[in-house]
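Asks: If you count by my numbering, then the sequence shown holds residues -12 to 370, one letter each, in order.
Provided herewith is a single structure, encoded as C-alpha cells, for subsequent inquiry.
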Amino acid sequence: MSGAEIRLENVTKRYPNTKAPAVDEFTMTIPAGKIVVFVGPSGCGKTTTMRMINRMVEPTSGVITIGGEDALGLDADQLRRGIGYAIQQAGLFPHFTVAQNIAVVPGLLKWDRKRIDDRVDEMMDLVGLDPKLYRDRLPRQLSGGQQQRVGVARALAADPPVLLMDEPFGAVDPITRGNLQDELLRLQAELGKTIVFVTHDFDEAVKLGDKIAVLGDRSSIQQYDTPDAILANPANDTVAGFVGAGASLKQLTLMRVRDVEYGTADDVLTVGLGDTPSSVASQLQQSGRTYALVVDDRRRPQRWVHVRELGGRSSLADTGKPVGDSVSTQSTLQDALEAILTEGGRAVVTGAKGEVVGTIDITTVTDVIASLRSEHGVEDGAS
Ligand code: ADP
-12 MSGAEIRLEN VTKRYPNTKA PAVDEFTMTI PAGKIVVFVG PSGCGKTTTM
38 RMINRMVEPT SGVITIGGED ALGLDADQLR RGIGYAIQQA GLFPHFTVAQ
88 NIAVVPGLLK WDRKRIDDRV DEMMDLVGLD PKLYRDRLPR QLSGGQQQRV
138 GVARALAADP PVLLMDEPFG AVDPITRGNL QDELLRLQAE LGKTIVFVTH
188 DFDEAVKLGD KIAVLGDRSS IQQYDTPDAI LANPANDTVA GFVGAGASLK
238 QLTLMRVRDV EYGTADDVLT VGLGDTPSSV ASQLQQSGRT YALVVDDRRR
288 PQRWVHVREL GGRSSLADTG KPVGDSVSTQ STLQDALEAI LTEGGRAVVT
338 GAKGEVVGTI DITTVTDVIA SLRSEHGVED GAS
C-alpha cells in the first residue's frame, strides 16, 4: 500500500460574506489505500470539503492530518505537490503538450530530465496512451476520454500517496466514462492510493467506492459506509432518495457469479459437436431433460439444442441455436441477469479457459434478490 490515511476533525469552512458555513464541523477518517466517494446534491459542499484536503480551500477551523502529519502546518505549495488532483475536463494546460502536462509536478519537484522523460512514458503506458503517438500532441488534438487519461496520468506523475478526483469523468460520454472507471479500478488495484472522489452520480459511487459518504447540506454526513451496506440499509430518507429505486438490482453489481450457487456442469447434459443427433435424443430422453448444450473439443459452449429439434438431423453443428451471451465466474450478477434474459432464461457459465463450468438461470438471480430483501427486512411496496 502506498496510500496514506486522511483524518478530518471538526473541519469548518465559512466563505467570506456568507451566512451559513459551506462545511460545518466535518469529521471523517479516510482509510489508507481505499477509494472514498463523496456523493450528494449540487452545492452540498463536496468540492469544498475535498479541496480543504490539499488546501486549495483553506479551512476556517479544524484539524486535517495526512499520514499522521498536520496538513495545515505544512507549506501549502509543498503539501499540494504531494497530492494528485484530477478534475472534470482534465484541466490540462492547452499550450503544453501531453508530455509537458504530465511533467508539471515532477518539474516543480526538480527531478532531472531523464527521470521526468522516463516517468512521462511510464505514466502514459499506465493510462493506455502510446507515448510514441501522443507525447507531443496538444490537448485539443485528443478526444475527451484521452484528455481525461492525461489528467489522471498527470495527477499520478509524482507518485503521490493521495489522489483527489473532482467529477473527473463528468464530461465524457457514458461508454467512455464506463471505460475510464474500469481503468481507474485496474490502476488502483496496482497502486493502492488513497483516493477521494467527488461525484453526484450514485451509480458511479457504487461502482468505484470502497466506502461512500452520502453528504447533505453543509457537508453533513448522512451515511458513511460500504456501497453494500448503504444499498441494503439507507440510514434515512435523504440517503434512500439517493439510492433511488431498484436498490436490490444495484446490489447485483456488487455480487459475482462465483458468489452464488449456480448450476454445475452436471446439471445440464453436455454433448460433443461430433455426437450424433439420435444419440443425443436418446440421452435426453433417458435423463428426462429437454435441452442439451453442445460443446467443442475444448468444452467451450457452442449450441443449445432442444429434444424436438433433433429428429431427422444429421449433424449437431447446424441444429438448435448458437449460444449467444455467456458469463464467466467473475461476471457481476447484473451482467449475468442480462445474459440470462438475452438467452431466454438460462446462460452458460464459463471458466478461465472459456470452458463450460455450469449454467445460471433466472431463479438463481431472483432467489438472490429475495434473500437480500428479506435479510435486510425490506418489505414489498415499502419506500
Ligand atoms: P458541491 O461540490 O457539493 O457542489 P461546493 O463545495 O462547490 O458544493 O459548494 C458548497 C457551498 O459553498 C455552495 O453553497 C456554494 O455556493 C458555496 N461556495 C463554493 N465556493 C464558494 C466561494 N468561493 N465563495 C463563496 N461561496 C462558495
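For glycine and all other residues, C-beta sits at the position ideal for the given N, C-alpha and C.
Keep in mind that this is a model prediction, so the values were computed, not measured.
In chain order, what residues of the same chain lie with their CB nearer than 8 Å to the CB of Ser358, ignoring the 5 residues before and after it?
Replies: Counting from 1 along the sequence shown, the entry for residue 358 is found at position 371. Closer than 8 Å at the Cβ level, and outside the excluded window around Ser358, lies no residue.
Asks: Given the structure, does Thr5 come close to ligand 1, in the sense that its CB is under 7 Å from one of the ligand's heavy atoms?
Replies: Sequence index remark: in the sequence shown, residue 5 carries index 18 (1-based). Under cutoff, so the answer is yes.
Asks: For Cys31, which residues of its own chain have a beta-carbon under 7 Å away from its beta-carbon, when the five flanking residues on both sides are left out?
Replies: Counted from its first residue, the sequence shown places residue 31 at position 44. Closer than 7 Å at the Cβ level, and outside the excluded window around Cys31, lie Leu202, Gly203, Asp204 and Ser206.
Asks: Please go through the same chain and pick out, in chain order, the residues whose beta-carbon is closer than 7 Å to the beta-carbon of Gly231, but skip the five residues on each side of it.
Replies: As a working mapping, residue 231 is identified with position 244 in the sequence shown. Excluding residues within five positions, the ones whose Cβ falls inside 7 Å are Phe189.
Asks: Check whether the region 149 to 165 touches the region 81 to 94, taking contact to mean three or more Cβ pairs, one atom from each stretch, closer than 8 Å.
Replies: no
Asks: If you compare alpha carbons, which of Asp322, Leu172 and Gly311 is closest to Gln238?
Replies: As a working mapping, residue 238 is identified with position 251 in the sequence shown. Among Asp322, Leu172 and Gly311, the Cα nearest to that of Gln238 belongs to Asp322.
Asks: If you drop the 5 nearest sequence neighbours on each side, which residues of the same chain put their C-beta closer than 7 Å to that of Tyr383?
Replies: A question about residue 383 goes unanswered here, because the residues of the chain that appear run from -12 up to 370.
Asks: Got a sec: does ligand 1 put a non-hydrogen atom nearer than 7 Å to the Cβ of Thr35?
Replies: Residue 35 sits at position 48 when you count from the first residue of the sequence shown. Checking the Cβ of Thr35 against ligand 1 gives yes.
Asks: Going by DSSP, name the residue or residues bridged to Val50.
Replies: The sequence position of residue 50 within the sequence shown is 63, counting from 1. Note: Val50 sits in a beta bridge opposite Glu(-4).
Asks: Mind listing, in chain order, the continuous alpha helix (DSSP H) runs of no fewer than 4 residues lying wholly within the region 175 to 222?
Replies: 189 to 195 and 214 to 219
Asks: Once you ignore the five residues that flank Glu191 on each side, which residues in its own chain have a CB closer than 6 Å to its CB?
Replies: Numbered from 1 along the sequence shown, position 204 holds the residue referred to as residue 191. So the list is empty, once near-sequence residues are dropped.
Asks: Can the beta-carbon of Pro390 be found less than 8 Å from the beta-carbon of Val258?
Replies: Within the shown structure, residues of the chain are numbered from -12 to 370, placing residue 390 beyond reach of any answer.
Asks: At a cut-off of 7 Å, is Val139 close to ligand 1 when judged by its beta-carbon and the heavy atoms of the ligand?
Replies: By 1-based counting over the sequence shown, the position of residue 139 is 152. Because no heavy atom of ligand 1 lies under 7 Å away, the Cβ of Val139 does not count as near it: no.
Asks: Using C-beta distances below 6 Å, list every residue in its chain close to Val114, excluding the 5 sequence neighbours before and after it, in chain order.
Replies: Reading the sequence shown from its first residue, position 127 is the one you call residue 114. Excluding sequence neighbours, Val114 sits near Arg136, Val139 and Ala140.
Asks: Counting only the same chain and skipping the five closest in sequence on each side, list residues whose C-beta sits under 8 Å from that of Gln317.
Replies: As a first step, residue 317 is located in the sequence shown; it is residue number 330 there, counting from the start. Counting only Cβ-Cβ distances below 8 Å, and skipping sequence neighbours, we find Arg243, Val244 and Arg245.
Asks: Quick check: the region 220 to 235 against the region 57 to 67, are there 3 or more CB pairs under 8 Å?
Replies: With the rule of 3 Cβ pairs closer than 8 Å, the region 220 to 235 does not count as touching the region 57 to 67.
Asks: Quick check on the burial criterion: 16 or more other C-beta atoms within 10 angstroms. Buried or exposed for Asp153?
Replies: Walking along the sequence shown from the start, residue 153 turns up at place 166. Label assigned to Asp153: buried.
Asks: With DSSP collapsed to three states, give me the class of Ser315.
Replies: Sequence index remark: in the sequence shown, residue 315 carries index 328 (1-based). Here Ser315 sits in strand by DSSP.
Asks: Taking just the CA atoms, how far does Gly233 sit from Gly368?
Replies: Walking along the sequence shown from the start, residue 368 turns up at place 381. Walking along the sequence shown from the start, residue 233 turns up at place 246. At Gly368, the pLDDT of 43 sits below 50, so the modelled position is not reliable; the number obtained from the coordinates is stated separately. Answer to the nearest angstrom: the Cα atoms are 12 Å apart.
Asks: Residue range of the alpha helix (DSSP H) that Phe229 falls in?
Replies: In the sequence shown, residue 229 corresponds to position 242, counting from 1. Phe229 -> alpha helix (DSSP H) spans Asp224 to Val230.
Asks: For Glu(-4) and Val255, what's the separation of their Cα atoms in angstroms?
Replies: Here residue -4 refers to the residue found at position 9 when the sequence shown is read from its first residue. Here residue 255 refers to the residue found at position 268 when the sequence shown is read from its first residue. When rounded, the distance between both Cα atoms is 58 Å.
Asks: Contact between the region 340 to 354 and the region 275 to 292: three or more CB pairs below 8 Å?
Replies: yes
Asks: Say the cut is 7 Å; is the CB of Ala9 nearer than that to a heavy atom of ligand 1?
Replies: Counting from one through the sequence shown, the residue named residue 9 turns up at place 22. Annotation for Ala9 indicates a beta carbon within 7 Å of some heavy atom of ligand 1.
Asks: Would you kindly report the start and end of the unbroken alpha helix (DSSP H) that includes Thr34?
Replies: Translated into positions along the sequence shown, residue 34 becomes position 47. It spans Lys33 to Ile40 - the alpha helix (DSSP H) in which Thr34 sits, taken as one unbroken run.
Asks: Nearer than 7 Å: is that true of the beta carbon of Tyr2 relative to any heavy atom of ligand 1?
Replies: Looking up residue 2 in the sequence shown gives position 15. Yes, the beta carbon of Tyr2 sits closer than 7 Å to at least one heavy atom of ligand 1.
Asks: CA-CA distance, Leu260 and Ala304?
Replies: Taking the first residue of the sequence shown as position 1, residue 260 is located at position 273. Taking the first residue of the sequence shown as position 1, residue 304 is located at position 317. Approximately 6 Å between the Cα atoms of the pair.
Asks: Work out the CA separation of Val267 and Val179 for me, nearest whole Å.
Replies: In the sequence shown, the residue the question calls residue 179 occupies position 192. In the sequence shown, the residue the question calls residue 267 occupies position 280. Note that residue 179 is Gly in the sequence shown, not Val. So the alpha carbons of these two residues sit roughly 52 Å apart.
Asks: Could you please give the first and the last residue of the uninterrupted beta strand (DSSP E) stretch that includes Thr257?
Replies: Along the sequence shown, read from residue 1 onward, the residue named residue 257 stands at position 270. Residues Leu256 to Gly259.
Asks: What do you reckon, is the C-beta of Ser29 under 7 Å from a heavy atom of ligand 2?
Replies: With respect to ligand 2, the structure shown offers nothing to examine, as its ligands consist of ligand 1.
Asks: Extract the residue ranges of the beta strand (DSSP E) inside the region 47 to 124, only unbroken runs of 3 or more that lie entirely within it.
Replies: 48 to 53 and 70 to 74
Asks: Out of curiosity, what's the CA-to-CA distance linking Gly437 and Gly71?
Replies: Only positions -12 to 370 of the chain appear in the structure, and residue 437 is not among them; the question remains open.
Asks: Just list the residues that DSSP pairs Met15 with in beta bridges.
Replies: Within the sequence shown, numbered from 1, the residue matching residue 15 stands at position 28. Answer is Leu(-5).
Asks: Is Gly32 close to ligand 1? I mean its beta-carbon at under 7 Å from any heavy atom of the ligand.
Replies: Looking up residue 32 in the sequence shown gives position 45. Yes, the Cβ of Gly32 comes within 7 Å of a heavy atom of ligand 1.
Asks: Would you identify the three-state DSSP class for Pro148, choosing helix, strand or coil?
Replies: Taking the sequence shown and counting its residues from 1, the one referred to as residue 148 is at position 161. If DSSP states are grouped into helix, strand and coil, Pro148 belongs with coil.
Asks: Find the nearest neighbour of Asp197 within the set Val50, Thr213 and Arg68, judged by alpha-carbon distance.
Replies: Working through the sequence shown from its first residue, we reach residue 197 at position 210. Closest option to Asp197, judged by alpha-carbon separation, among Val50, Thr213 and Arg68: Thr213.
Asks: In this structure, how does DSSP classify Ala7 when only helix, strand and coil are distinguished?
Replies: By 1-based counting over the sequence shown, the position of residue 7 is 20. Ala7 sits in coil when the DSSP states are folded into three classes, being neither helix nor strand.
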